[in-house]
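No gaps in the numbering here: position 469 of the sequence shown is 495 in my numbering, and each next residue is one more.
Reviewing the structure listed below.
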Amino acid sequence: MRRLLIMFLFSSLIFSQEVVSYKIKAKLIPEEKIVKGEEIIIWKNITSKPTSEIYFHLYLNAFRNELSTFMRESGIERFRRKDIEWGYCEVREIKINGIDMKKKLHYVQPDDGNIYDRTLVKIPLDSPVNPGESISIYLIFESKLPKVLARSGYSRDFFMVAQWFPKIAVLREEGWNSHQYHRNSEFFSDFGKYEVEIRTPEKFKVVASGVKTNEWKEKGEIVRIFKEDNIHDFAWSASPNHKIFEEEFSMKEPEVKTKIILFLDRDHLRHKERYMKIIKKSIEFFSKNYGPYPYKTITVVDPPSHALQAGGMEYPTLITAGTTFWLPKGLLFLELVTLHEFGHQYWYGMCANNEFEEAWLDEGINSYSEVKGMRELFGEKTSVFNIFGFKFGDIDSQRLSYISIPSFDPIYRKSYEFFSGGSYSVNSYSKSALMLLTLERYLGEDKFSKIMREYFRRFQFKHPKTEDFIRVAEEVSGKNLKWFFDSFLFSDGTIDYRVERIMTKKLRKPEGKMDLKFKEEGNWESEVSVVREGSISFPVNIEILFEDGKKIKEFWDGKERWRKFKYVKPSKVISAIIDPEGILLLDRNRFNNSMTLKKNPFPLGMSFKALALFQSILFSF
Ligand SMILES: [Zn+2]
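Structural data, given as structure tokens:
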């Protein structure tokens, strides 16, 4: 009985609530760039309300013509292409519980009303699906892959087959969560079980999400079966010009056993060891810091140089990376992209937030982890490149991106509602990463690492929301952090502290009729003025240095626009620096955080010299 109870607890902790199962048979017709598919979906209503409709994503219709929402948002002219280069996903047949529903299927556009967009379909049901009930859906579909763009498609005879099958949307307590495919958005779907049969001409090698459980030849074709549970998407890649390298990986503390599968373009064979090394280091870093990697495989697809658009993307248990024929060791792009995409197995794959609505939970948390991982593996100042004496670290790279555009949006915003693609990226990636790094420095690294571990533990195989992250951060830190998230996550406000001026005056004996005996406290009077630009405040220390070497640390809550610190001392103030510990990484201009009266080439204590130079160059244009 006890054992059973433990097993029950164990299973409820570790596994997702399985909502859906997909059984797909797919056949690749390479000459036509088409995948023909047959799909059986068993879908269960796990909410407490009945539903009388269902929604499907047909993501490849984003590439159907120039008028799709994706193309319109991208800027049409950029995507003019030949017929063969467009893509689509066509439902040829659909039966629900055995009843033909093809005529009831219609396209809907809840986000923007664009009647030309066919990325989302709605099907009213003959009878509602009650809570706890399941329905079976049978589909025949045809997916035409576009010339590779935005993560999927073909290039010559390389195929990155992603977002390729009709996929049911997510029913939540508040109703269906279903969005069209947008230029600046990724995806959202339920966890489930996948079993996919992939049939290709014999010359093609194939890798896919999950574990290959069977393979056989049949009339000049190879049929392969892939299976996995607890995933919410399935992608695959096929190419005759790739080599497959496999290595078992295991570690203790925490215990991880998995197989690394590398799908390497034949022109990139020289990078095999770099890929293998970084993927092992990534598994170690994430397992150690957040929780053990639980899946039986991790597959890395290396797209050929003519298909780099397929690179740098994540799918459950399969990632796409990217490199070029020549990539010297000091340029760490291969490592950075691989580690980043592997990180998404945690922030997207297992903690599966809604990427349409809260992209910071996957891209932001993952960029934070990326900075930490790259720093641990390659050093803080050298984690992007370190070549011919030129060095650049990931934190500086995030800072540079953060300050590169004005703040028009809060981080918390639907992906497709940002001012621009740039604003979406900066907020979802860099600003979010810097926000978390700031919070980490503010709360302390130990405390923050407990927050991250707890967030992962609590939401592995679930769909966390922003409020879940905040709740974990507050619970684990024991602090009310509403002010912090209100300022940096929910507001588009900015912050920039500046040392405005340092004034010093040599004191002499006062003149005039003295009523009291003059008490001499020091020979110098100094005044340091600091100001805050922007609407956000954050508590900081200010370090004041006197000529005789003495230091004073002042605290400023930053609430007023300015503050003056006055001293009468034997020695005069020669420098002041705001936030000397470098906690507030969201300060938009750190170049003006310090001032010194000495004739130094750089102000004292400036920890972002290279960055500040970049910044002043940027500002001068
Ligand atoms: Zn990412």
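C-beta atoms are modelled at their ideal positions from N, C-alpha and C, and glycine is treated no differently.
Given the structure is predicted, the values throughout are model-derived calculations rather than measurements.
- Annotated three-state conformation of residue 268 is strand, per DSSP.
- Counting along the chain, the unbroken beta strand (DSSP E) around residue 324 starts and ends at 323-327.
- Relative to ligand 1, residue 392 has its C-beta within less than 6 Å of a heavy atom.
- The continuous beta strand (DSSP E) containing residue 339 extends over residues 339-341.
- Cβ atoms of residue 390 and residue 363 stay farther apart than 8 Å, at about 17 Å.
- In this structure, ligand 1 has a non-hydrogen atom nearer than 6 Å to the beta-carbon of residue 389.
- Under the DSSP assignment, residue 551 falls in the beta strand (DSSP E) whose first and last residues are 550-559.
- DSSP, read as helix, strand or coil, puts residue 312 in helix.
- Bounds of the alpha helix (DSSP H) holding residue 391 are 391-404.
- Beta-bridge analysis with DSSP links residue 132 to 148.
- In the DSSP assignment, residue 234 forms a beta bridge with 262.
- Under DSSP, the beta-bridge partners assigned to residue 227 are 247.
- Taken through DSSP and simplified to helix, strand or coil, residue 87 comes out as helix.
- One thing to note: residue 381 has its Cβ within 7 Å of the Cβ of residue 213.
- Secondary structure at residue 461: helix, using DSSP grouped into helix, strand and coil.
- For residue 623, the closest alpha carbon among the candidates 396, 601, 48 and 211 is that of 601.
- Residue 240 sits exposed, since fewer than 16 C-beta atoms from the chains shown fall within 10 Å of its C-beta.
- Relative to the Cα of residue 609, the nearest Cα in the group 526, 573 and 466 belongs to 466.
- Assigned with DSSP and collapsed to three states, residue 501 falls in helix.
- Under the DSSP definition of a beta bridge, residue 617 lacks any partner.
- Rounded to whole angstroms, the gap between the alpha carbons of residue 201 and residue 156 is 13 Å.
- Boundaries of the beta strand (DSSP E) around residue 160: 160-170.
- Residue pairing of residue 201 in beta bridges, as defined by DSSP: 198.
- Under the criterion of beta carbons closer than 8 Å, residue 346 and residue 186 qualify as touching, at roughly 7 Å.
- Residue 276 carries a strand assignment under DSSP once its states are collapsed to helix, strand and coil.
- If only complete runs of 3 or more residues are kept, the stretch 333-387 shows the beta strand (DSSP E) at 339-341 and 344-346, in order along the chain.
- Of the residues assessed, residue 86 falls on the buried side of the cut-off, its CB having 16 or more other CB atoms within 10 angstroms.
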